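So that you can map any letter, position 148 of the sequence shown is 151 in my numbering, and since no number is skipped, the others follow by simple counting.
For glycine and all other residues, C-beta sits at the position ideal for the given N, C-alpha and C.
All of these numbers come straight from a predicted model, not from anything done at the bench.
Working notes, beginning with the structure itself.
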Amino acid sequence: MKANPLQYADFGKGKTAVLLFFNPSLRTRLSTEKAAYNLGMSVMTMNAAQGWKLEFEDNVVMKSDKAEHIREAAQVISQYADVIGIRTFPSLTDRAKDYEDAILYKLIKYATVPVVSLESAIRHPLQSLTDALTISEHQPRYRPKVVLTWAPHPRNLPQAVANSFAEWMLAWDAVDLTITHPKGYELYKGFTAGASITHDQKAAFEGADFIYAKNWSSYHDYGKNPKQDLDWMITGDKMALTNAGKFIHCLPVRRNVVVADEVLNSAASLAIEQANNRTYAAQAVLYELLHSK
Ligand code: CP
Numbered sequence: 004m005k006a007n008p009l010q011y012a013d014f015g016k017g018k019t020a021v022l023l024f025f026n027p028s029l030r031t032r033l034s035t036e037k038a039a040y041n042l043g044m045s046v047m048t049m050n051a052a053q054g055w056k057l058e059f060e061d062n063v064v065m066k067s068d069k070a071e072h073i074r075e076a077a078q079v080i081s082q083y084a085d086v087i088g089i090r091t092f093p094s095l096t097d098r099a100k101d102y103e104d105a106i107l108y109k110l111i112k113y114a115t116v117p118v119v120s121l122e123s124a125i126r127h128p129l130q131s132l133t134d135a136l137t138i139s140e141h142q143p144r145y146r147p148k149v150v151l152t153w154a155p156h157p158r159n160l161p162q163a164v165a166n167s168f169a170e171w172m173l174a175w176d177a178v179d180l181t182i183t184h185p186k187g188y189e190l191y192k193g194f195t196a197g198a199s200i201t202h203d204q205k206a207a208f209e210g211a212d213f214i215y216a217k218n219w220s221s222y223h224d225y226g227k228n229p230k231q232d233l234d235w236m237i238t239g240d241k242m243a244l245t246n247a248g249k250f251i252h253c254l255p256v257r258r259n260v261v262v263a264d265e266v267l268n269s270a271a272s273l274a275i276e277q278a279n280n281r282t283y284a285a286q287a288v289l290y291e292l293l294h295s296k
């Protein structure tokens with residue numbers, strides 16, 4: 004898909020993707036639209052968080068401001084779409100409910116066409132496919148050392164990117180994954196079992212081929228993000244501990260909070276190229292879903 008993005012430009016003729024965003028996006032929205040266009044598809048994108056509130060709970064008396072139940076909406080949208088993409092966001096207050104990923108699975112349950120996650124409450128699979136592609140393009144050796152490191156952020160962010168990245172790297176088995184974070188930021192073990200995990204960030208960086216920085220809020224003290232000092236920011240000094248390691252980040256990124264300018268502006272940063280790969284990852288997934296339909 005990357006070598007020749009328009010190779011399947013006729014494949015999607017007459018096919019439509021409907022993209023529902025319950026949370027804003029720059030990369031996922033534009034790259035998925037671009038992917039669909041490269042395949043010759045039509046795209047309809049809806050900012051679902053504003054103006055049209057959906058009810059996802061079953062057996063409710065619908066007297067709130069929710070205009071429509073997902074049961075009807077999913078079936079109706081399926082009549083207009085060959086594939087539906089959906090982005091949701093966790094509450095970060097109710098862990099049990101967030102980890103059910105109910106909004107995504109309710110749509111899957113009631114839709115009659117394939118559904119692709121554009122980031123759910125607990126996973127960001129299209130990002131992880133992109134990350135795997137980016138790593139495979141730049142890996143200097145077999146089974147490179149990949150480090151997922153927590154980094155500071157002023158907001159309380161989901162665990163979705165980190166969960167998915169750990170899940171994909173461990174399933175891929177072509178990389179050696181180390182996860183490093185401050186105490187209290189342990190991820191759900193269901194995503195990290197099998198990874199090396201350490202609270203010593205500098206030790207983790209030693210000999211690393213890739214540094215994937217990401218903030219996530221606490222899983223155990225659910226949704227909280229108390230560590231606001233910048234001790235865990237990615238700096239040039241820390242990157243010097245690596246094996247000429249590459250810096251990767253899903254973006255958006257807070258400069259000089261998550262990562263110092265000196266790293267993000269350096270040749271070691273793959274963040275912009277990584278964002279470019281979002282298109283080809285999405286294109287491959289759309290092709291695969293619709294090809295096998
Ligand atoms: N990386 C990523 O998902 O970016 P957006 O939130 O802009 O889609």
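From the listed residues Ala274, Glu276 and Lys112, the smallest Cα separation to Ala76 is found for Lys112.
DSSP lists His72 as the bridge partner or partners of Glu58.
Judged by their CB atoms, Ile125 and Ile73 are not nearer to each other than the 9 Å cut-off. Excluding residues up to 5 positions away in sequence, Arg126, Ser131 and Phe194 lie with their Cβ nearer than 8 Å to the Cβ of Glu170 in the same chain. Secondary structure at Asp224: coil, using DSSP grouped into helix, strand and coil. DSSP places Thr152 within a strand segment (E or B) once states are collapsed to three. Counted as a single uninterrupted DSSP element, the alpha helix (DSSP H) harbouring Met172 occupies residues Ala163 to Trp175. Under the three-state reduction of DSSP output, Lys109 falls in the helix class.
Note that the C-beta distance between His156 and Gly187 is not below 9 Å. A straight-line Cα-Cα distance of about 11 Å links Ala39 and Leu9.
Three or more beta-carbon pairs drawn from the stretch 38-58 and the stretch 15-27 are found closer than 8 Å, and the two stretches are therefore classed as touching. Proximity of the stretch 135-151 to the stretch 172-190 meets the contact definition, three or more beta-carbon pairs being nearer than 8 Å. Proximity of the beta carbon of His127 to the ligand CP is indicated: a heavy atom of the ligand is located closer than 8 Å. Of the residues assessed, Leu42 falls on the buried side of the cut-off, its CB having 16 or more other CB atoms within 10 angstroms. For the set His202, Leu129 and Asn218, the Cα lying nearest the Cα of Ala278 is the one of Leu129. Ala20 sits in a strand when the DSSP states are folded into three classes. Relative to the Cα of Asp101, the nearest Cα in the group Ala114, Pro117 and Ser123 belongs to Ser123.
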